[in-house]
Structures are given as structure tokens and as C-alpha cells.
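Participant: Sharing a structure below in C-alpha cells format, with a few things to ask.
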Amino acid sequence: MSSKKEFILYIEDLTVSFDGFKAVDGLNLYVEKDELRVIIGPNGAGKTTVLDLICGKTQPTSGSVLFKDKELIGLSEHEIVREGVGRKFQTPSIYENLTVYENLEVSYPSGRGVLGCLAFKRSPEVVARIREVAKEIYLDHLLDAEGAILSHGQKQWLEIGMLLMQEPQLIMLDEPVAGMSPAEREQTAALLNRISKGRAIIIIEHDMEFVSRIAHRVTVLHLGKILAEGSMEQVQHNPKVIEVYLGH
Amino acid sequence: MKTLFDRVFGGKHGLTSLAVLALILLAILPLSLDIFRLNLVGKYLTYAFVGVGLVLLWGKAGVLSLGQGVFFGLGGYCMAMFLKLEASDPISTKIQSTPGIPDFMDWNQLKALPAFWEPFHSFPFASAAVLVVPALLAFVIGLAMFKRRVGGVYFAVITQAVALIVSLAIDGNQGYTGGRNGITDLRTLLGHDIRSQQAQYVLYFTTCVLLIGVILLLQWMLSGKMGKILLAMRDREDRVRFSGYDVSAYKVFIFSLAAALSGIGGALFVLQVGFISPSLVGIVPSIEMVIFTAVGGKLSLYGAVYGALLVNTGKSLFSENFPQLWLFMMGGLFIAVVVLFPNGVAGIWQNLTDKTSRWFAARRKAPATAPAVEVNVPVSLETETSKTP
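Protein sequence lines, in the order shown, are assigned to chains B and Y.
The opening position of the first sequence corresponds to residue 5 in this note's numbering, with each subsequent residue numbered one higher.
The opening position of the second sequence corresponds to residue -6 in this note's numbering, with each subsequent residue numbered one higher.
Rendered as C-alpha cells:
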């Protein structure tokens, strides 16, 4: 790997074992700025666990995660978010009892402390930012709708929008197009391509057609280790990958 | 953006609720009850401070504490210590072997006032302690629990244990706390007799005004971003964490705030009833306070006030007539409310007003706009479905 490129995320020797079972085993992963990386692999390969380790939901047994030259291991979840890492969960995880507008508003990165929260005011910048993001995620006509009434795909977009509000430099998305209609997938692909500018994105995805449409680079995980890495083309023709994953 | 006025008073609905409560507390009850009964109502209203805190903590933040009696009691003790020192001046205690210290200390052979009692000579210090001591204890417990993500049943059990420990600690240190009898024989506040009828009226109205003030303050707080974060936390705690919020800090804050409010209640209780004892601190009162809140409706600040009034009025009526049965009835009431009316009296009221206003709206609109509605409904449904494939 060339050292001239600007890496935003360095993962080295990352290992986590659950009762002796190594879900992630000595993983090395480097992600550049402006890159859209897709992680694929069979079930149980450790894909979601890798995201959990980066965002602090799970603590690793050993290894290091450097983000913008800062060690993330040992920080708590909200501290990692404040460093500029955003995470979307596999099942859409939005606040069903708040409106789209409020969902975005509580994701705005100010007034996060208790006192800041009490003093928080809906300033013109906040309103402008909410409108901008809502437009980006195709929900500007539904700002006053409660989260609960959105369709599955719209909930997925809203959660992506909530991440965008935080202006993260690294976005991690776990199966963002699961349960979406073909038209929604199309829109999501366009959205992801737009938002990958100026930041890095890591996506876990099973849908190979969708992967080939968005991925800059693909990492194939198997049994907690990297099986292959490269462009979609390279990965698709890798015999090992075909054997454990694509062949099935 | 809502105006400050809207946030404090909660819009038209909030204004109505406020007007009704103010009318009942400040006009109807004082005019219709004798001072003995009114003083009882004043006592019940001090529990409402705990109830309002529980609405915040249990209803809004989703954290059930079964130890709020501790904070009520601590607030009460802070006030009682001041009043006791005022009542224990050297002249009125001159028959003691050590004049100038509270009588129970003298009975326990203490020769001097313990150091932690000294600052309670000062009224400003004691008033601040009423808020700060309960809040500080809640802060420490909250920090220890919420940072480790202890919640739900475990947290409730731990608060029960705290209630037991604190009540036993007060009970077991008779020389310092008055022991099981508590701190009794409180007479004056800054020279004014607190047992006179006039004082009882003043204290009753003070309690009402403070309670309403607390409700308005909390309405302001909950109508802003804090209310949304608490709702979001109950909905999806993990998501809030991954939006960059320190969830435990919010829980610690709410727990401490609820404790400080309970402390105010305790202090007002002592002023109106004239004593405090460990029986008001332990497990039983803590659970009773949860029951008031559940009956009133755990999501409604106003509900908590009505809950405290209703359950305690019921308690004094029934326990006068069927003293043995009262505890069973209280238990039965709690189960009935939880099973049948999870949002308590406030929930029932909300349902009724919703239904009647819908009925009125339907009656008013039906003849004039019926055709328009018929045309509108299918169109809006169609656009809705086409938007959400």
C-alpha cells in the first residue's frame, strides 16, 4: 500500500475474542480520505464486530484503531462520536416519537452537554443545516412527520441524515439498503456517492450489485481475518473469495 | 421556535391545567377546609414534590427509583436540624446537663454539639443544604450506577438498599440524629411560631406557590431540547450515545434534580408537620411515593400533584375507618393502575378530553364542511401512499 495517500483510519492487529472465539483476528485495515470502502463476507465473518470495535461499542482484546492519528481504543462511545465518527446500525435506529425535524435537530453537534442542552436554542444556522440535510436525504417534504410513520427506506435515510448532521469525517453504515425498493437503492447509491466527498465511508453490504455500483475498494472478511482486498473487479475474480463467499 | 411564555406555561392546554390546579389549591381548598384539614393537604402537597421529581426521573427519563424517600428525608432533616437548634437556645434548655444543645443529645450524654450540626445554625446554609445534600447523594449514587450502565430493576433494587441503609443509619445514631423518634418539638422559624394558625396558612400557600413554580420550571425544561433528549433516550438509548451524548451524565443530572426537588418537599413537610423521623425516609414511604406518582400518571407533572392528593386523602379516610385494610387497598390500587391505567389519572383525563373535543369538533364541522372532507380524504391518502412506496 502506498504511504503517500492520506489515511484517515489505521486499524492494526485488531483482535477481539469472545470466550476464546476470535470474532476479529489480527485485522489490519487502512482507509483513506474520500474513500468509500465496502466490507463484504459471509455471515459470522466479523463485519459488524469490526464496526462495533471502531465505534467503541465493543472493546478489543488487543490492537489499535487510530483515527486522524488519535487512538480510539479506550474512549467511550460518545467521545468517539465527538472525534468525528458516525455509525448507522443494521436495523434503522431513529427516534420514532420525534419528528424528522427533531430527529435531525437532536443530532446537531452542539448542546451535547447537560448545561449546553438546557441553553440550546434553535438558531438560524441549525434550521438551515436541518433543511440542507433533509433535502440531501430526500425527506424535505416530511420534516413534520413522526419518525414512526416513515417507510423502512425513509428510516434508513433519516438515520444517514442524523449522521450527516454530526459532520463526521468517518461514516460507518451497516447494510444501508437492506429492505429498500430498487428506486430507493438508486437514490441511496447517489446519496452515498455525494456524501463520500471530503470524508471516508465504510459500508457493510451483502448486495453485490449494489456494492459494485458504489465501492471504491472492497475488503472481504472471513472468520475474522481479511481474505482479500482490492477493487470490486479484483475481488470478484479472486479464487479464494469465490470459494468462501461469492460461489455460494 | 416556541416563545418563553409557551415553554413555561405549556401553551393553551398547559394554561388550563395551571388555572385549574391554582384554583383548587389557592381558592377552593383554603375556602372550604378548616385549618386542620388544610394543613393535611399542605402535607400531601410536600409529597407532590417527590412525585414531580419521579415524573421526571421515572416517566421522562425511564429510571425508576424506589428510594426517593431518602432525599425527601434528607431535605427534611436539614430543615429540622436548623429548627431544632433554634428551639434549643440555652434559656429554654437550661434544665439539661448541657444547656444549648438539642434535648435528645443531652439524653444521650453528648456534651457538645457535633461538628456537622454547627453550620445548621445558619438559615441560608440550612436552606441551601435542603437542596444540595439530597442532590449530592443522588449525584454520587447516580455517578456510580449510571456510568456502569446499571439500570432498570437493578437500579431500583439498589435505591431500595440505599433507603434501608439511610433509615437504619439515622435510626441507629440516636445521639446525632434523634434516632427512631426523629427530631421533634420544633417551634419557631426565625422567631416566628410555626405552630400558629396564621403560620400554617402562610406555609400552606408557600408550599402551593413553590410547587407551581417547580412545575413551571420543569415545563420550561422539558419543552426544550432536554425533553427531546430524554424522549430519545427512552426510545433508543444507544442511538443517543452514538449521536455524541453522554447518556449517563443526563441520567445523573435528572436523578440529582429529582432528589433536590424531593428535598424541598421534605423541608416543607417539616415546617408544616413539625417533626421528621426515620419512618419517613425508609422503604415504605419511598414505595408509597412511587404509587402516588403512578396513580397520578407518571408522564404528567400535574398528575403527580393530583396523585399525591388523591391517594393520601384516601389513605386518611380509609385508615381512619379500616386501619388493617389500608395497606392491602394501597397495593391493590397500585396493581390496578399499572394494569388498567398505565398513565394514571392524567391518562384517563387526557382520554376524556380528547374524546369530548373530537366529539365537539365533529359536531361543529359536520354540517358545514362534510362534502369537502369527503373529497379531501381520498386525495390525501393517495398522495400519502404514493410518497411511501
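Backbone N, C-alpha and C fix where the C-beta goes; we use that ideal spot for every residue, glycine too.
No experiment lies behind these values; they were computed from the predicted model shown.
#1: Where does N107(B) fall in DSSP's three states?
#2: If you follow the beta strand (DSSP E) that L33(B) is in, where does it begin and where does it stop?
#3: Taking the C-alpha atoms as reference points, what is the distance between K244(B) and V155(Y)?
#4: Ignore the nearest five residues each way along the sequence and tell me which others in L215(Y)'s own chain have a CB closer than 7 Å to its CB.
#5: Is it the case that the region 205 to 224 of chain Y contacts the region -3 to 8 of chain Y, given that we only count it when at least three CB pairs across the two stretches are under 8 Å?
#6: Ends of the alpha helix (DSSP H) at H241(B)?
#7: Do Y295(Y) and L14(Y) count as a contact pair if the criterion is CB distance below 8 Å?
#8: Strictly under 8 Å for the Cβ-Cβ distance: is L231(B) near chain Y by that measure?
#9: Measuring straight from C-alpha to C-alpha, what distance separates V207(Y) and P180(B)?
#10: Could you give the first and the last residue of the continuous beta strand (DSSP E) run that contains H226(B)?
#11: Express the C-alpha separation of I163(Y) and M74(Y) in angstroms, rounding to a whole number.
#12: Given a limit of 8 Å on CB to CB distance, which residues of the region 135 to 164 of chain Y reach chain B?
#13: Are the C-beta of R229(Y) and some C-beta of chain B separated by less than 8 Å?
#14: Which whole-angstrom value is the C-beta distance of P112(Y) and L67(Y), which I expect to be below 8 Å?
#15: A260(Y) and M98(Y) - do their beta-carbons sit closer together than 8 Å?
#16: Any Cβ of chain Y within less than 8 Å of the Cβ of E3(B)?
#17: Run through chain Y and tell me which residues come within less than 9 Å of P128(B), C-beta to C-beta.
#18: For G237(Y), go through chain B and note every residue whose CB falls closer than 7 Å to its CB, in chain order.
#19: Output needed in chain order: residues of the region 208 to 225 of chain Y with a Cβ under 8 Å from some Cβ in chain B.
#20: Which same chain residues end up closer than 8 Å to F124(B) when comparing Cβ atoms and leaving out the 5 residues on each side of it in sequence?
#21: For the beta strand (DSSP E) containing V69(B), list its first residue and its last residue.
#22: For chain Y, is any of its Cβ atoms less than 8 Å away from the one on F124(B)?
#23: With DSSP collapsed to three states, give me the class of M72(Y).
#24: Under 8 Å: do the region 139 to 157 of chain B and the region 100 to 110 of chain B share three or more Cβ pairs, one atom per stretch?
#25: Output the distance between the C-alpha atoms of A122(Y) and S155(B), rounded to the nearest integer angstrom.
#26: DSSP beta-bridge partners for A232(B)?
#27: For the pair the region 251 to 266 of chain Y and the region 141 to 151 of chain Y, tell me if three or more CB-CB distances fall below 8 Å.
#28: Compare the Cα-Cα distances from E163(B) to each of V34(Y), W100(Y), R351(Y), R232(Y) and report the closest residue.
#29: Assess, as a yes-or-no matter, whether the region 240 to 247 of chain Y is touched by the region 275 to 289 of chain Y under the definition of 3 or more beta carbon pairs within less than 8 Å.
#30: Using only the alpha-carbon positions, how far apart do A204(B) and A194(B) sit?
#31: Going by C-alpha distance, which of L204(Y), E230(Y), Q167(Y) is nearest A301(Y)?
#32: Spatial neighbours of Y197(Y) within its chain, please: CB distance less than 6 Å, with the 5 preceding and 5 following residues excluded, ordered by chain position.
#33: Along chain B, which residues have their Cβ under 9 Å away from the Cβ of R351(Y)?
#34: Against E106(B), what residues of chain Y qualify as contacts under a CB-to-CB distance less than 7 Å, listed in chain order?
#35: From L129(Y) to G256(Y), what does the alpha carbon distance come to, in whole angstroms?
#36: Would V181(B) count as contacting chain Y if we go by Cβ distances under 8 Å?
Facilitator: In short, the structure shows the following:
#1: Translated into the one-based positions of the first sequence, residue 107(B) becomes position 103. In the structure shown, N107(B) sits in a helix (DSSP, three-state: H, G or I).
#2: Mapped onto the first sequence, residue 33(B) falls at position 29. Its beta strand (DSSP E) spans residues 25 to 36.
#3: Mapped onto the first sequence, residue 244(B) falls at position 240. Mapped onto the second sequence, residue 155(Y) falls at position 162. Between the alpha carbons of K244(B) and V155(Y) lies a gap of roughly 60 Å.
#4: Counted from its first residue, the second sequence places residue 215(Y) at position 222. Only K53 meet the Cβ criterion.
#5: The region -3 to 8 of chain Y, when compared against the region 205 to 224 of chain Y, does touch it at the 8 Å Cβ threshold.
#6: Your numbering for residue 241(B) matches position 237 in the first sequence. Per DSSP, H241(B) is not a residue of any alpha helix (DSSP H), being assigned neither H nor E.
#7: Numbered from 1 along the second sequence, position 21 holds the residue referred to as residue 14(Y). Numbered from 1 along the second sequence, position 302 holds the residue referred to as residue 295(Y). Yes, Cβ-Cβ distance for L14(Y) and Y295(Y) is below 8 Å.
#8: Along the first sequence, one-based indexing puts residue 231(B) at 227. No, L231(B) lies away from the interface with chain Y (no Cβ there is under 8 Å from its Cβ).
#9: Sequence index remark: in the second sequence, residue 207(Y) carries index 214 (1-based). Sequence index remark: in the first sequence, residue 180(B) carries index 176 (1-based). If you draw a straight line from the Cα of V207(Y) to the Cα of P180(B), it comes to about 45 Å.
#10: The residue given as residue 226(B) occupies position 222 in the first sequence. Its beta strand (DSSP E) spans residues 221 to 226.
#11: Taking the second sequence and counting its residues from 1, the one referred to as residue 74(Y) is at position 81. Taking the second sequence and counting its residues from 1, the one referred to as residue 163(Y) is at position 170. Roughly 13 Å between the two C-alpha positions.
#12: Listed by position along the chain: nothing, the set is empty.
#13: Position 236 of the second sequence holds residue 229(Y). By this cut-off, R229(Y) is an interface position.
#14: Position 119 of the second sequence holds residue 112(Y). Position 74 of the second sequence holds residue 67(Y). At roughly 15 Å, the Cβ-Cβ gap does not stay under 8 Å, so P112(Y) and L67(Y) are not in contact.
#15: Here residue 98(Y) corresponds to residue number 105 of the second sequence, with the count starting at 1. Here residue 260(Y) corresponds to residue number 267 of the second sequence, with the count starting at 1. Taking a C-beta distance under 8 Å as the contact criterion, M98(Y) and A260(Y) do not qualify as a contact pair.
#16: Only positions 5 to 252 of chain B appear in the structure, and residue 3(B) is not among them; the question remains open.
#17: Translated into the one-based positions of the first sequence, residue 128(B) becomes position 124. None at all; the shortest Cβ gap to chain Y is about 10 Å.
#18: As a position in the second sequence, residue 237(Y) is number 244, starting the count at 1. For a Cβ distance threshold of 7 Å, residue set H82, V85, R86, P113, R116, Q170 of chain B lies close to G237(Y), ordered along the chain.
#19: Residues of the region 208 to 225 of chain Y that bring their beta carbon within less than 8 Å of a beta carbon in chain B comprise M214, G217, K218, M219, K221, I222, L224, A225, in sequence order.
#20: Position 120 of the first sequence holds residue 124(B). Around F124(B): S114, G115.
#21: Walking along the first sequence from the start, residue 69(B) turns up at place 65. Its beta strand (DSSP E) spans residues 66 to 71.
#22: Here residue 124(B) is taken as the residue at index 120 of the first sequence, counted from 1. Closer than 8 Å: yes.
#23: As a first step, residue 72(Y) is located in the second sequence; it is residue number 79 there, counting from the start. M72(Y) falls in the helix class under three-state DSSP.
#24: Counting Cβ pairs under 8 Å, three or more are found: they touch.
#25: Counting from one through the second sequence, the residue named residue 122(Y) turns up at place 129. Counting from one through the first sequence, the residue named residue 155(B) turns up at place 151. The alpha-carbon atoms of A122(Y) and S155(B) are separated by roughly 52 Å.
#26: As a first step, residue 232(B) must be located in the first sequence, where it is residue number 228. Paired residue(s): V224(B).
#27: Output reads no: the region 141 to 151 of chain Y does not touch the region 251 to 266 of chain Y.
#28: Sequence index remark: in the first sequence, residue 163(B) carries index 159 (1-based). Comparing alpha-carbon positions, the option among V34(Y), W100(Y), R351(Y), R232(Y) lying closest to E163(B) turns out to be R232(Y).
#29: Because the criterion of three Cβ pairs below 8 Å is not met, the region 275 to 289 of chain Y and the region 240 to 247 of chain Y do not touch.
#30: As a first step, residue 204(B) must be located in the first sequence, where it is residue number 200. As a first step, residue 194(B) must be located in the first sequence, where it is residue number 190. Straight through space, the alpha carbons of A194(B) and A204(B) are spaced by roughly 16 Å.
#31: Along the second sequence, read from residue 1 onward, the residue named residue 301(Y) stands at position 308. Among L204(Y), E230(Y), Q167(Y), the Cα nearest to that of A301(Y) belongs to L204(Y).
#32: Counting from 1 along the second sequence, the entry for residue 197(Y) is found at position 204. Excluding five sequence positions before and after Y197(Y), the CB atoms of its chain that fall closer than 6 Å to its own CB belong to L31, G35, given in chain order.
#33: Against the second sequence, residue 351(Y) aligns to sequence position 358. Result: empty, since nearest Cβ-Cβ is about 19 Å, beyond 9 Å.
#34: Position 102 of the first sequence, counting from 1, holds the residue named residue 106(B). Listed by position along chain Y, the residues whose Cβ is nearer than 7 Å to that of E106(B) are K221.
#35: Here the question's residue 129(Y) lines up with position 136 in the second sequence. Here the question's residue 256(Y) lines up with position 263 in the second sequence. Approximately 11 Å, taken between the alpha carbons.
#36: Residue numbering aside, residue 181(B) sits at position 177 when the first sequence is read from its first letter. No, V181(B) does not count as interfacial toward chain Y.
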